[in-house]
Amino acid sequence: MNIKVAGENALIIYFGEKTDPATSAKVQQAVTILEKELAEQLIDMVPSYASLLVIYDMLRCDHLEIRSQLRKLLGQLEESSAISGKIVTLPAYYSTESGPDLEALATRAQLNIEEVIKIHSDMEYRVYAIGFAPGFAYLGEVDPRIAAPRLSTPRQKVPKGAVAIADQQTAVYPAVSPGGWNLIGLCPAPMFDPKAEPTMPVQVGDRVKFEPINREQFIALGGQL
Amino acid sequence: MSGFKVLQPGLLTLIQDAGRFGHHRIGLTTGGPLDAQAFKWANRLLGNALNSTLLEVSIGGLVLESEVDTHLVVTGAEMPLKINGVEQDRWHAHHIHQGDRIELGFSTQGARAYLAVTNGFNVEHSFSSSSTVSREGIGGLNGGKLQQGDYLRCEPDTQGQAFRLAEHHRPSYTDNISLRVITGYQEQAFSDLDKRMFFSSEYEVTNRADRMGYRLSGPEIKASMDGILSEGICHGAIQIPADGQPIVLLNDRQTIGGYPKIGSMISLDTARLAQQLPGSTVSFEEISIDEAHNLHCLAHVKFERTTPENIGK
Chain A
1 MNIKVAGENA LIIYFGEKTD PATSAKVQQA VTILEKELAE QLIDMVPSYA
51 SLLVIYDMLR CDHLEIRSQL RKLLGQLEES SAISGKIVTL PAYYSTESGP
101 DLEALATRAQ LNIEEVIKIH SDMEYRVYAI GFAPGFAYLG EVDPRIAAPR
151 LSTPRQKVPK GAVAIADQQT AVYPAVSPGG WNLIGLCPAP MFDPKAEPTM
201 PVQVGDRVKF EPINREQFIA LGGQL
Chain B
226 MSGFKVLQPG LLTLIQDAGR FGHHRIGLTT GGPLDAQAFK WANRLLGNAL
276 NSTLLEVSIG GLVLESEVDT HLVVTGAEMP LKINGVEQDR WHAHHIHQGD
326 RIELGFSTQG ARAYLAVTNG FNVEHSFSSS STVSREGIGG LNGGKLQQGD
376 YLRCEPDTQG QAFRLAEHHR PSYTDNISLR VITGYQEQAF SDLDKRMFFS
426 SEYEVTNRAD RMGYRLSGPE IKASMDGILS EGICHGAIQI PADGQPIVLL
476 NDRQTIGGYP KIGSMISLDT ARLAQQLPGS TVSFEEISID EAHNLHCLAH
526 VKFERTTPEN IGK
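Protein chains in written order, with this note's numbering: chain A, 1 to 225; chain B, 226 to 538.
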């Protein structure tokens with residue numbers, strides 16, 4: 001466990017350096033403990049793959065006090081097996097029409113487009129984190145053959161439902177937003193609805209599979225191009 | 226029902242309270258006022274709870290018509306305030322009658338003004354806050370900016386509390402400012418030379434500057450890595466994408482991201498940055514987290530101890 005300064009009222013705890021279910025489970029454990037033990041001093045937390053951002057109230061405590069609490073409370077997290085959640089299937093219309101980076105990604109990977117689609121949809125992914133935008137679920141891990149770095153300049157506008165890859169992560173953009181991931185398709189299923197209960201179809205720890213659909217199915221499911 | 230009719234919404238007017246906290250885990254950002262100092266003063270000058278719902282007016286151009294007797298105040302950027310065509314003092318609560326026309330002109334200095342009424346506007350909370358985050362479609366009246374024809378509900382003022390902040394306590398929103406930054410996150414991924422360059426150069430606010438983040442342009446800074454495992458982003462974090470141009474992440478930022486970060490700006494200074502318009506220049510100054518903590522506490526005490534002049538009945 002490595003604690004670093006993030007900002008004036010935020011520390012970030014690193015539980016590991018890579019994506020794996022055991023590290024992810026530690027992050028989840030830490031969230032549960034801190035929520036109970038830091039209640040008054042805590043403003044918010046952002047769990048992710050291998051880290052937890054802890055935001056505290058500067059008028060109640062300082063970074064030294066929080067650091068010592070974190071060491072005390074989280075010093076002995078157990079190696080537990082990752083709890084696996086439900087399986088969620090998401091439809092995806094993969095094409096050059098719905099995925100403007102699909103062709104470039106295939107060329108880079110020295111594969112054809114059909115192979116990229118098959119590799120992406122064959123894998124079962126784990127929900128490692130939710131963030132960036134409401135309902136944005138970070139899924140891992142993508143087969144290294146189709147992993148691709150983020151765009152050097154992020155797009156100003158990525159469409160709602162965009163299925164995307166960044167390094168070995170994949171995700172569905174829940175709403176129109178800026179973003180630097182490689183876009184390979186579109187998913188017509190809503191990923192976030194504040195009026196629905198639950199607000200999201202997935203939560204951290206769930207597993208996700210993509211099911212390729214064609215243009216007609218995409219339109220029939222309410223998709224828009 | 227009493228309140229204000231929106232005759233002209235202005236370029237970007239948003240309903241805000243202090244922000245949305247405790248919902249980062251489903252990806253909700255904080256929202257809330259970009260200039261928390263001017264926001265707090267607006268509520269304080271009416272004797273409101275400091276978290277009361279008000280309007281953040283960016284650039285200007287807002288026109289309201291009152292259908293209520295209350296008090297109203299404008300703080301923040303220098304947008305001329307007119308009540309029934311007569312220019313009035315800002316940072317100063319005014320008695321408003323039914324039928325009054327309130328106009329906020331375009332800013333001559335600064336970018337964000339705060340318009341508050343006694344006890345705040347009545348706006349339904351989503352996820353424990355009224356703050357509007359357009360990118361998320363959450364908060365405000367309909368998840369977006371104010372529209373012509375919107376109705377801002379509020380109760381008539383029966384208390385009559387009204388204050389005025391003395392001129393020497395009012396901030397000025399000049400450009401060419403130095404902004405204080407705590408190094409952190411992936412700071413070790415930046416060479417000493419790059420850090421020196423970052424802290425000794427001038428950067429310009431580009432036109433890609435909004436409530437999500439301010440993109441700056443200036444000498445390129447390079448991290449030793451292109452991307453990192455996505456992690457939580459705090460308010461004020463300074464992200465350096467592969468093009469080497471810093472982005473200061475503000476209230477509507479994404480909660481998680483994978484670009485390396487050199488550190489974070491203190492909130493007293495993100496408030497000043499958010500008052501800057503494209504083309505203005507800024508520079509950075511490195512401070513420690515302990516200094517940042519002290520500055521925050523001092524600013525809090527100063528706010529508490531500054532007594533505005535009581536002009537109520």
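The beta-carbon is built from N, C-alpha and C at its ideal position, and this holds for glycine as well.
I need the straight-line Cα distance from L34 of chain A to L77 of chain A, nearest angstrom please.
For the purposes of this step, residue 34 of chain A is taken as the residue at position 34 of the first sequence. For the purposes of this step, residue 77 of chain A is taken as the residue at position 77 of the first sequence. Cα-Cα distance, rounded: 12 Å.
So, using beta-carbon positions, are T238 of chain B and L289 of chain B closer together than 7 Å?
For the purposes of this step, residue 238 of chain B is taken as residue 13 along the second sequence, with counting starting at 1. For the purposes of this step, residue 289 of chain B is taken as residue 64 along the second sequence, with counting starting at 1. The answer is no: Cβ separation not under 7 Å.
Within the continuous beta strand (DSSP E) that includes K527 of chain B, where are the two ends?
By one-based count along the second sequence, residue 527 of chain B stands at place 302. Taken as a continuous stretch (DSSP letters only), K527 of chain B belongs to no beta strand (DSSP E), being part of the alpha helix (DSSP H) at 514-530.
If you compare alpha carbons, which of B:E361, B:T495, B:E529 is closest to I463 of chain B?
The residue labelled residue 463 of chain B in the question sits at position 238 within the second sequence. Comparing Cα positions, the closest option is B:T495.
7 Å Cβ cutoff met for D44 of chain A and G247 of chain B:
The residue labelled residue 44 of chain A in the question sits at position 44 within the first sequence. The residue labelled residue 247 of chain B in the question sits at position 22 within the second sequence. Cβ distance < 7 Å, so D44 of chain A and G247 of chain B count as in contact.
Whose Cβ in chain A lies nearer than 8 Å to the Cβ of C379 of chain B?
By 1-based counting over the second sequence, the position of residue 379 of chain B is 154. Result: empty, since nearest Cβ-Cβ is about 25 Å, beyond 8 Å.
Under the three-state DSSP convention, the category I219 of chain A falls into
To locate residue 219 of chain A, count along the first sequence from 1; it is residue 219. If DSSP states are grouped into helix, strand and coil, I219 of chain A belongs with the helices.
C-beta neighbour in chain B for T32 of chain A, strict 7 Å:
In the first sequence, counting from the first residue as 1, residue 32 of chain A sits at position 32. No, T32 of chain A does not count as interfacial toward chain B.
Just the Cα atoms here: how many angstroms apart are L306 of chain B and R326 of chain B?
Along the second sequence, read from residue 1 onward, the residue named residue 306 of chain B stands at position 81. Along the second sequence, read from residue 1 onward, the residue named residue 326 of chain B stands at position 101. Using only the alpha carbons, I get a separation of about 11 Å.
Would S177 of chain A pass as an interface residue toward chain B - the criterion being a Cβ-Cβ separation below 7 Å?
In the first sequence, residue 177 of chain A corresponds to position 177, counting from 1. Under the 7 Å criterion on CB atoms, S177 of chain A is classed as interfacial with respect to chain B.
Per-residue burial, I184 of chain A [other beta carbons within 10 Å of its own, 16 or more giving buried]:
In the first sequence, the residue the question calls residue 184 of chain A occupies position 184. Answer is buried; the Cβ neighbour count reaches 16.
Comparing C-alpha positions only, which one of B:I402, B:H394, B:F423 sits nearest to T408 of chain B?
Here residue 408 of chain B refers to the residue found at position 183 when the second sequence is read from its first residue. The shortest C-alpha separation from T408 of chain B is found at B:F423.
Do Q169 of chain A and G205 of chain A have their beta-carbon atoms positioned less than 7 Å apart in this structure?
Against the first sequence, residue 205 of chain A aligns to sequence position 205. Against the first sequence, residue 169 of chain A aligns to sequence position 169. Cβ atoms of G205 of chain A and Q169 of chain A: not closer than 7 Å.
For H220 of chain B, does the three-state DSSP call read helix, strand or coil?
Nothing in the structure corresponds to residue 220 of chain B, since chain B is present only between 226 and 538.
Indicate whether G488 of chain B and V406 of chain B have their beta-carbon atoms separated by less than 7 Å.
Position 263 of the second sequence, counted from the first residue, corresponds to residue 488 of chain B. Position 181 of the second sequence, counted from the first residue, corresponds to residue 406 of chain B. Contact annotation: G488 of chain B and V406 of chain B have beta-carbon atoms nearer than 7 Å.
Unbroken beta strand (DSSP E) run spanning E290 of chain B, endpoints:
Within the second sequence, residue 290 of chain B is the residue found at index 65, counting from 1. Segment 287-291, the beta strand (DSSP E) holding E290 of chain B.
Within 10 angstroms of its Cβ, does K26 of chain A collect 16 or more other Cβ (buried), or is it exposed?
The count along the first sequence starts at 1 and reaches residue 26 of chain A at position 26. When all chains shown are included, K26 of chain A counts as buried.
Note down the Cα distance separating L105 of chain A from Y94 of chain A, rounded to an integer number of angstroms.
The residue labelled residue 105 of chain A in the question sits at position 105 within the first sequence. The residue labelled residue 94 of chain A in the question sits at position 94 within the first sequence. Their backbone Cα atoms lie some 13 Å apart in a straight line.
Which of the residues in the segment 450-470 of chain B, read from start to end, lie with their CB under 8 Å from any CB of chain A?
From the segment 450-470 of chain B, only D451, G452, L454, S455, E456, G457, I458, C459, H460, G461, A462, P466, A467, D468 have a Cβ closer than 8 Å to chain A.
Taking a cut of 8 Å between CB atoms, which residues from the segment 351-379 of chain B lie near chain A?
S351, F352, R360, E361, G362, I363
In whole angstroms, what is the alpha-carbon distance linking Q501 of chain B and R433 of chain B?
Mapped onto the second sequence, residue 501 of chain B falls at position 276. Mapped onto the second sequence, residue 433 of chain B falls at position 208. Using only the alpha carbons, I get a separation of about 12 Å.
For P198 of chain A, count the other beta carbons within 10 Å of its own beta carbon; 16 or more makes it buried, fewer makes it exposed. Which is it?
Counting from one through the first sequence, the residue named residue 198 of chain A turns up at place 198. Under this definition P198 of chain A is an exposed residue.
According to DSSP, which residues form a beta bridge with P234 of chain B?
As a first step, residue 234 of chain B is located in the second sequence; it is residue number 9 there, counting from the start. Its beta-bridge partners are B:L287.
Among the residues of its own chain, which have a CB less than 8 Å from the CB of V127 of chain A, if the five just before and after it don't count?
Stepping through the first sequence from its first residue, residue 127 of chain A is reached at position 127. The answer, listed in chain order, is G85, A137, Y138, L139, V202, Q203, V204, G205, D206, R207, V208.
Under 7 Å between C-beta atoms of G257 of chain B and G7 of chain A:
Taking the second sequence and counting its residues from 1, one reaches residue 257 of chain B at position 32. Taking the first sequence and counting its residues from 1, one reaches residue 7 of chain A at position 7. Taking the C-beta atoms as reference points, G7 of chain A is found no nearer than 7 Å to G257 of chain B.
In the DSSP assignment, find the unbroken alpha helix (DSSP H) run with A171 of chain A in it and report its ends.
The residue given as residue 171 of chain A occupies position 171 in the first sequence. From DSSP, A171 of chain A is part of no alpha helix (DSSP H) but of the beta strand (DSSP E) over 169-172.
Residues that F132 of chain A contacts on chain B, provided the C-beta gap is smaller than 8 Å
Translated into the one-based positions of the first sequence, residue 132 of chain A becomes position 132. Within 8 Å Cβ-Cβ: G252, S455, Q479, T480, I481, G482.
Can you pull out the residues from the segment 398-429 of chain B whose beta carbon lies closer than 7 Å to at least one beta carbon of chain A?
I407, G409, Y410
CB-CB under 7 Å to D419 of chain B, same chain, minus the five flanking residues each way: which ones, in chain order?
Counting from one through the second sequence, the residue named residue 419 of chain B turns up at place 194. If we look at D419 of chain B and ignore the five residues flanking it on each side, its Cβ neighbours are I446, K447.
By Cβ distance, which residues of its chain are closer than 8 Å to C379 of chain B, with the 5 residues on each side in sequence left out?
Counting from one through the second sequence, the residue named residue 379 of chain B turns up at place 154. Closer than 8 Å at the Cβ level, and outside the excluded window around C379 of chain B, lie S227, G228, F229, V293, T295, V342, T343, N344, G345, F346, N347.
Does the segment 178-193 of chain A come close enough to the segment 64-76 of chain A to have 3 or more Cβ pairs within less than 8 Å?
no
Report the three-state DSSP secondary structure of N535 of chain B (helix, strand or coil).
As a working mapping, residue 535 of chain B is identified with position 310 in the second sequence. Correct three-state label for N535 of chain B: strand.
Taking V163 of chain A and F210 of chain A to be in contact with their CB atoms under 8 Å, please state how far apart those CB atoms are, rounded to whole angstroms.
Taking the first sequence and counting its residues from 1, the one referred to as residue 163 of chain A is at position 163. Taking the first sequence and counting its residues from 1, the one referred to as residue 210 of chain A is at position 210. Contact flag correct, Cβ pair sits at about 7 Å.
Cα-Cα, which of B:L475, B:S505, B:G452 is closest to P149 of chain A?
Counting from one through the first sequence, the residue named residue 149 of chain A turns up at place 149. Nearest option by C-alpha distance: B:G452.
For the segment 239-263 of chain B, enumerate the residues whose C-beta is nearer than 9 Å to any C-beta of chain A, in chain order.
F246, G247, H248, H249, R250, I251, G252, L253, T254, T255
Could you round the C-beta distance between L366 of chain B and P234 of chain B to whole angstroms and report it? I think they count as a contact, below 8 Å.
By 1-based counting over the second sequence, the position of residue 366 of chain B is 141. By 1-based counting over the second sequence, the position of residue 234 of chain B is 9. The pair is not a contact, with the Cβ atoms about 11 Å apart (cut-off 8 Å).
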